[in-house]
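For what it's worth, my numbering labels the leading residue of the sequence shown as 38, then goes sequentially.
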Amino acid sequence: MTILRNIGIALLVIILIAAIGIAVLLRGSKAELTVDEVSGTDPTLVEPDEEWFPTIRVAEPIGWQEGETPPAVEGLEVTRFAEGLDHPRIMYRLPNGDILVTLTNSPPRDVGGIEGFVMKLLMGEAGAGVPSPNKLVLLRDTNGDGKADVRRVLREEGLDSPSGIAYRDGTLYIANHNALLAFDYELGSPKLTGTPRKLMDLPGGGNHWMRNIILSPDGENIYVAVGSASNIGENGMEAEEGRAMIWEYNLEDGSSRPYATGLRNANGLAWNPLSGELWTTVNERDMLGGDLVPDYLTNVPIGANYGWPWVYYKNTVDTRVDAPMPNFITEYARYPEFAMGPHVAALGLAFTDEGHRMGEKFARGAFVARHGSWNRKPPSGYDVVFVRFDERGNPLGKPVPVLGSFLDGNGETRGRPTWVEWSDDGGLLVSDDTAGIIWHVIAPGAAPAPAVERVRGKSLKPQTELKGDPREAFTDEFAREFNPLGN
Numbered sequence: 038m039t040i041l042r043n044i045g046i047a048l049l050v051i052i053l054i055a056a057i058g059i060a061v062l063l064r065g066s067k068a069e070l071t072v073d074e075v076s077g078t079d080p081t082l083v084e085p086d087e088e089w090f091p092t093i094r095v096a097e098p099i100g101w102q103e104g105e106t107p108p109a110v111e112g113l114e115v116t117r118f119a120e121g122l123d124h125p126r127i128m129y130r131l132p133n134g135d136i137l138v139t140l141t142n143s144p145p146r147d148v149g150g151i152e153g154f155v156m157k158l159l160m161g162e163a164g165a166g167v168p169s170p171n172k173l174v175l176l177r178d179t180n181g182d183g184k185a186d187v188r189r190v191l192r193e194e195g196l197d198s199p200s201g202i203a204y205r206d207g208t209l210y211i212a213n214h215n216a217l218l219a220f221d222y223e224l225g226s227p228k229l230t231g232t233p234r235k236l237m238d239l240p241g242g243g244n245h246w247m248r249n250i251i252l253s254p255d256g257e258n259i260y261v262a263v264g265s266a267s268n269i270g271e272n273g274m275e276a277e278e279g280r281a282m283i284w285e286y287n288l289e290d291g292s293s294r295p296y297a298t299g300l301r302n303a304n305g306l307a308w309n310p311l312s313g314e315l316w317t318t319v320n321e322r323d324m325l326g327g328d329l330v331p332d333y334l335t336n337v338p339i340g341a342n343y344g345w346p347w348v349y350y351k352n353t354v355d356t357r358v359d360a361p362m363p364n365f366i367t368e369y370a371r372y373p374e375f376a377m378g379p380h381v382a383a384l385g386l387a388f389t390d391e392g393h394r395m396g397e398k399f400a401r402g403a404f405v406a407r408h409g410s411w412n413r414k415p416p417s418g419y420d421v422v423f424v425r426f427d428e429r430g431n432p433l434g435k436p437v438p439v440l441g442s443f444l445d446g447n448g449e450t451r452g453r454p455t456w457v458e459w460s461d462d463g464g465l466l467v468s469d470d471t472a473g474i475i476w477h478v479i480a481p482g483a484a485p486a487p488a489v490e491r492v493r494g495k496s497l498k499p500q501t502e503l504k505g506d507p508r509e510a511f512t513d514e515f516a517r518e519f520n521p522l523g524n
């Protein structure tokens, strides 16, 4: 009996130690700074608090009550543009005012690493663990009351975790998680029929599966954001081939090239009307504590590199990365223009431009949907904010609240703001994927915003003239000739 008693005591001690260990493990680290302190043009970047297991703090979505809306700042009115949708994510306004929205979710995935394993377990609790609906839906407000009274499923066949949408001159472009497709489409048609043309294969699945797209202003190129397969390349850089970058695809000759790299998970894409530059929202790395690393909003010049996975915010080296670091990366990696806060999951992006009716306070800048954290205590994001810009197209200060927190104060959330797009009446549309709602936000009585005046500088005279096709730059036939008129 003594032996059995001792064994029983030993087992109880082991169970107690294991329970304490699990409790400590799941408790995680707590953020020391406010989200505002780690946001804006000059964020506070603390020393990393490296985690070998992610901090877990998932807000379970409970939905909105009848007549309930997200809290808006004074002067804005919020109504339901559409509801009862199955996981609406990316929205796109067609030239005739119709709104297209992808009903989508992640494909079945074999995610890697500790973070990927935990994400897979927790996404169901966060409302993102359901199979992808794989639908493209058209919404139309025929009487201008801020509510869609026409709803049609345009397409289901051939859609595989679709997200990005773009349109130009009779062609509708849709990005599945693994391919860029082109369809013939006549504006106003109730169905998207026919066989799509595959323009480009894309790396599929992974931890970051959304593929946003945007056309260049001249319609010659289309840009595709492809997120990383992992947190910091822990599955090897071979698994990241073609990922963590924005691709440029030429619609005339079908060629493609990396346009910008080192972007862990770029999402929103928009042209800054003040400067003409491409801007994007980026979700940064995890498991460095609740205060690191802030997601960001930034411009994307051609050839830009933002350092992932080796560095963040230009020259802070992530010592966890096993892959050999490229020489001089801390010299050429760019510092993001504007920090959106740690773990906020900055997604949708829309700049204010001509005709928009959000009031003088939001006359010049960009709206960003912060989808919300799953691994920060206290939670961050779950709101829509505005980033002010100066007259030259540079961001200013800190994020300005637009729609307040979707959290209910009891550890749950009513929804998760995902994407932003402009409605035909000048209001801002906000998709709420877990609640299945698209919100319509407007400043009642506000005059339509005037056209944005583009900043233009004088061009410098070239010092050299490039002869031949630039794509042949490294062949013997390509030559550079000195231009004697240059300075």
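Note that CB positions come from ideal geometry on N, CA and C, so glycine has one too. Just so you know, these numbers come straight off a predicted model, no measurement behind them.
- Each residue's CA atom was taken as its position, placing V110 and P379 some 23 Å apart.
- The three-state secondary structure of I99, taken from DSSP, is coil.
- A direct Cα-Cα distance of roughly 37 Å separates L140 from E69.
- By the criterion of a C-beta distance shorter than 6 Å, D390 is surrounded in its chain by P310 and V489, once the five residues flanking it on both sides are discounted.
- The three-state reading of DSSP puts Y129 in strand, counting E and B together.
- No Cβ-Cβ contact shorter than 8 Å links V422 with T318.
- A Cβ-Cβ distance of about 22 Å is found for the pair F388 and Y419, leaving them out of contact under the 8 Å criterion.
- Looking at the DSSP output, I283 sits in a beta bridge with A262 and A297.
- Taken through DSSP and simplified to helix, strand or coil, E458 comes out as strand.
- Spanning the alpha carbons of R429 and G195 requires a straight line of approximately 43 Å.
- When DSSP states are grouped into helix, strand and coil, F404 belongs to the strand group.
- With contact defined as three or more Cβ pairs closer than 8 Å, the stretch 357-366 and the stretch 446-458 are not in contact.
- The beta carbon of G121 sits closer than 7 Å to those of G473, all from its chain and outside the five residues before and after it, given in chain order.
- Taking the C-beta atoms as reference points, R413 is found no nearer than 8 Å to E87.
- The shortest CA-to-CA distance from L300 to any of R294, M282 and Y210 is the one to M282.
- Nearest C-alpha to A360 among G273, G446 and R188: G273.
- Ranked by Cα distance from E321, the options E374, A383 and V354 are led by A383.
- Here G264 has H245 and N302 as same chain residues with Cβ atoms under 6 Å from its own Cβ, once five neighbours each way along the sequence are excluded.
- Assignment of I211 by DSSP, reduced to helix, strand and coil, places it in the strand class.
- By the CB criterion at 8 Å, G242 and P144 fall inside the cutoff.
- In this structure, I127 sits near S200, with a CB-CB distance shorter than 8 Å.
- I479 and D182 have their C-alpha atoms spaced approximately 11 Å apart.
- Assigned with DSSP and collapsed to three states, E397 falls in helix.
- Restricting attention to A96, G112, P98 and F118, the CA atom closest to the CA of G104 is found in F118.
- Residue pairing by DSSP places T116 opposite H477 in a beta bridge.
- In this structure, the beta-carbon distance from R407 to P98 does not fall below 8 Å.
- V190 and A400 have their alpha carbons spaced roughly 34 Å apart.
- Boundaries of the beta strand (DSSP E) around T317: L315 to V319.
- Note on D186: under 16 other CB atoms within 10 angstroms of its CB, so exposed under the neighbour-count rule.
- Per DSSP, I202 lies in no alpha helix (DSSP H) segment; the continuous beta strand (DSSP E) that holds it begins and ends at I202 to R205.
- Straight through space, the alpha carbons of L386 and M395 are spaced by roughly 15 Å.
- Taking C-alpha positions only, L440 is separated from P107 by approximately 6 Å.
- For V72, same chain residues with a beta-carbon under 6 Å away, outside a window of 5 residues either side, are G378 and S417 in chain order.
- Scanning its chain for C-beta atoms nearer than 8 Å, with the 5 sequence neighbours on each side dropped, one finds around Y369 the residues N342, in chain order.
- Take Y286, set aside five residues on each side of it, and the residues of its chain with a beta-carbon closer than 7 Å to its own are L217, L236, M237, N258, I259, V261 and S293, in chain order.
- Excluding sequence positions up to five before and after A483, its CB lies within less than 6 Å of the CB of R394 and G396, all in the same chain and listed in chain order.
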